[in-house]
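**Q** I'd like to ask you about the structure that follows.
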Amino acid sequence: MLQINKYLQHLEFEGKAINTIETYRYHLLAFDAWLSYVGKAVNEVSRADILEFKEALLAQNKSGRTVNGILSCVRNYYDYLIMAEEANFNPVSKMIKIKVQPHSQRRLSDEEINEFVSYIDRLPAHTRAAFYLMLGTGARVAEVAKLKKSDFQYIEGALYINIHDAKWGSDRQIPVMFPQAARVVADYVNQLDVSSESAFRCSARTLQRHASNFSKKTGISFSCHVLRHTFATRLLENGVPIEQIQLLLGHRSLTMT
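At the far end of the sequence shown sits residue 257, using UniProt numbering, and the numbering has no gaps.
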């Protein structure tokens, strides 16, 4: 556990986003629990042990993509341990990853957007505003969930959000676009108490659960990330340069946009 804490401090020193560090913490604690279960010290793990760990993860019905993310996290952890002279070799081979089908990016059609808007208009005000914000800014669900009132500001009459501690250091300022989204978010934010710790008073997990419920009720393939892609595609269709969309989304390269 001490080694994990040192590694997390190392990630913080490197400037990794808070969400990234928390993901590493979650995955590494799961790995540490597995090590305790099989009675192995971290510097005693072999490649055969990592194969067993992988099988244990798959037995928990985790997706191939999730398992790959956990194994990548453990591999990076061992790279750190080798650098810190607390391990002699890295037992996590790059070849151990599971082949997964790439995500097919999709946007909501105009009809689906209308159906989604009808759905969120029946949700509590704070949840409704959070979804409108995702639709109007393309912000990640985790970024929206941790916004405070102080992260909103008006510039020349337009409402903006300031994203801090973002994934891959993608801090940025985004205008709330599309009239209906801007109006709903502005009406909600304007009535917030200045002391509000969380603007929307709900976690990313809660918003994802609402997204899943919408998908189940309507049969529309949907997740919070679909709103992000819908935002980007609508801008592209309206002639916004892809380089500008890249900045708004906080992507490191055009290939991610």
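Quick reminder that beta carbons are idealized off the backbone N, C-alpha and C, glycines included. Quick caveat, the model's predicted, so the values are computed rather than measured.
Cβ atoms of valine 189 and alanine 181: under 9 Å apart, would you say?
**A** no
**Q** For alanine 30 and glutamate 156, I'd like the C-alpha separation in whole angstroms.
**A** 48 Å
**Q** With three or more C-beta pairs closer than 8 Å as the rule, is the segment 39-49 touching the segment 114-131?
**A** no
**Q** In terms of alpha-carbon separation, which member of Ala139, Cys202, Leu28 lies closest to alanine 232?
**A** Ala139
**Q** Expressed to the nearest angstrom, what Euclidean distance is found between the alpha-carbon atoms of threonine 206 and phenylalanine 89?
**A** 40 Å
**Q** In the DSSP assignment, what residue or residues form a beta bridge with asparagine 162?
**A** Gln173
**Q** Report buried or exposed for proline 179, applying the criterion of at least 16 other Cβ atoms within 10 angstroms of its Cβ.
**A** exposed
**Q** Are at least three pairs of beta-carbons, each pair with one atom in the segment 18-32 and one in the segment 56-73, less than 8 Å apart?
**A** yes
**Q** Give the secondary structure of residue 263 by DSSP, where H, G and I count as helix, E and B as strand, and everything else as coil.
**A** With the chain covering only 1 through 257, there is no way to say anything about residue 263.
**Q** Just the Cα atoms here: how many angstroms apart are isoleucine 245 and aspartate 171?
**A** Taking the Cα positions, isoleucine 245 is about 14 Å away from aspartate 171.
**Q** Which of the three DSSP states is assigned to glutamate 112 in this structure?
**A** helix
**Q** Between the alpha carbons of valine 240 and valine 117, how many angstroms are there, rounded?
**A** 24 Å
**Q** Report yes if the C-beta distance between valine 226 and arginine 107 is below 9 Å; otherwise report no.
**A** Yes, the pair counts as a contact, with Cβ atoms nearer than the cut-off.
**Q** Work out the CA separation of lysine 99 and tyrosine 80 for me, nearest whole Å.
**A** 26 Å
**Q** Residues in its own chain within less than 6 Å of asparagine 213 by CB, not counting five upstream and five downstream?
**A** Result list for asparagine 213: empty, nothing under 6 Å.
**Q** Can you check whether the CB of isoleucine 113 is closer than 9 Å to the CB of threonine 137?
**A** no
**Q** When the distance is taken between beta carbons, is methionine 177 closer than 9 Å to leucine 235?
**A** yes
**Q** Would you mind stating whether leucine 8 and leucine 35 have Cβ atoms separated by less than 9 Å?
**A** no
**Q** Which residue marks the beginning of the alpha helix (DSSP H) containing arginine 205, and which one marks its end?
**A** 204-218
**Q** Does the Cβ-Cβ distance between alanine 130 and alanine 142 come in under 9 Å?
**A** no
**Q** Report the rounded CA-to-CA distance for arginine 47 versus glutamate 86, giving the unit in angstroms.
**A** 17 Å
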